[in-house]
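Student:
In structure tokens form, the structure reads like this:
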């Protein structure tokens, strides 16, 4: 299982992830993605889900 990063480690990791940001008040980071259509978005989510499952990581998804 993937271990959560502490505050210091998370802030250090974010220096290398310019498109990601800290979630205020939570032990989490976030990033927004935009896709040209539903199929592209859904394909991306499926690929991420397969990797997340292998890592025993369960990200929160929000669709707009």
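In the numbering used here, the protein residues as written are 491 to 554.
Where is the CB? At the ideal position from N, CA and C, for every residue including glycine.
For clarity, every value in this text was computed on a predicted model and none was experimentally measured.
#1: Leaving out the 5 sequence neighbours to the left and right, which residues in its chain are closer than 8 angstroms to residue 511 when beta-carbon positions are compared?
#2: Could you work out which residue in 494, 507, 551, 495 is closest to residue 532 when comparing CA atoms only?
#3: Give me, in chain order, the residues of the same chain whose beta-carbon lies closer than 8 angstroms to that of residue 513; leave out the 5 immediate sequence neighbours on both sides.
#4: Give the DSSP-derived three-state secondary structure of residue 524 in the structure shown.
#5: Excluding the 5 residues preceding and the 5 following residue 525 in the sequence, name in chain order all residues of the same chain whose CB lies nearer than 8 angstroms to its CB.
Tutor: With the given structure in hand:
#1: 504, 519, 520, 521
#2: 551
#3: 519, 520
#4: coil
#5: 531, 534
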